[in-house]
Amino acid sequence: KITENDAPRWMVVKDGLDHGPFSGRELVELIVKSEVLADHVLLNMDDGDRRPVKEHPELREFVDQARIKREEEARKHALKKAEHAEKRTGVAKAAIAAAVLLVLGGGVAIFLMTRESGGQEQVAQADLGDLFQRGQIEVEGTAGILPDPPRGGGGGMRRAGGGGRPGGFHGSYEDAMNIPIELGDVNGGGGQARLSPGDVAATMNRSLNGIYNACVVPELRRGGNLGNVTIDIAIAGSGSVMGVSARAGSGEFKSCIRNQVSRVRFPSFQAPRMGARYSFSAG
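Position 129 of the sequence shown, counting from 1, maps to 129 under this note's numbering, and the rest follow consecutively.
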């Protein structure tokens, strides 16, 4: 691994200038912060190997994480700009209405201006769903990998011979992760390979439009305040979803998320099961 024997051996070439040397841990932190990018050249001073960061297999996961984080920040910035534009439009409409209504009569003006002001909070939530449905904003999320449940607890792993690979949908993330599974041969060449955060995020992002329309938009229009939505997902080695738990919203919203995410199909991997956490901003 890049952080083993972690001496400062890595030089980074940015804009024609050498930076470093950095240890493996320092290099990973710089990549995650987007201070070192995929196209920057990396030099290993121990063996003279020189190539772009994106061509290092051990760094691809961190490059993907940084890219997804940048995209999420850009999406949030675009969302704020859209919200500010909507608010400015609302203020302009109110000013025009006030000018007209002053001519028509003070009593009617007071009624309509009060109605305009009192509805701003609901409009901000409802318009977020409308903006999404009209294609004026795009939504993407980020993902991370959750640790396995501790061995010896209610769920976990057992040696080969006592069961098979898990499958089927078990409801919540917790229920699915507590299904005993077969450990298999952990010493066999890469037999426990799992999906990366980038794999999980890419798969979920392809399904997010449907999830947003089916679950988020109705919840916002019911007056729900979701903020950042976190979804824990138990994934079988076949790529099927075993269990889902949403960590925000009403019971109706959580049930909708479970139903939608249960239909998502991930790439298969060699481990029998893994847990992942996916997050996106809902305003």
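Where is the CB? At the ideal position from N, CA and C, for every residue including glycine.
Keep in mind the model is a prediction, meaning the values are calculated, not measured.
Check                                                                                                                                                             : Outcome
For T230, I'd like the list of residues in its chain whose CB is within less than 7 Å of its CB, leaving aside the five on either flank, ordered along the chain. : R247, A248, R277 and S279
Inspect the CB distances between the region 193-211 and the region 63-78 and report whether three or more fall short of 8 Å.                                      : yes
Check for me: the alpha helix (DSSP H) holding L208 runs from which residue to which?                                                                             : P197 to I211
If I measure Cβ to Cβ from D6 and keep anything under 7 Å in the same chain, skipping five residues before and after, which residues do I get?                    : S23, G24 and R25
Under the three-state reduction of DSSP, which class applies to G24: helix, strand or coil?                                                                       : helix
Verify whether the separation of the beta carbon atoms of Y173 and G275 is less than 8 Å.                                                                         : yes
For S255, does the three-state DSSP call read helix, strand or coil?                                                                                              : helix
CB R265 to CB S281, shorter than 8 Å?                                                                                                                             : no
Look at the alpha carbon of S262 and the alpha carbon of P8, and state the distance between them as a whole number of angstroms.                                  : 45 Å
Can you tell me whether DSSP reads I31 as helix, strand or coil?                                                                                                  : helix
From the DSSP output, in three-state form, read off P331 for me.                                                                                                  : Outside the shown range of the chain, which is 1 to 283, sits residue 331, and nothing can be said about it.
As a quick exercise: from I235, S245 and L30, pick the residue whose alpha carbon is nearest that of P272.                                                        : I235
Is it the case that the Cβ atoms of I31 and V53 are separated by a distance below 8 Å?                                                                            : yes
Could you tell me the distance, in whole angstroms, from the CA atom of E73 to the CA atom of A176?                                                               : 32 Å
Report the rounded CA-to-CA distance for V41 versus E58, giving the unit in angstroms.                                                                            : 15 Å
Pull up the distance between the alpha-carbon of V28 and that of L17, whole angstroms please.                                                                     : 19 Å
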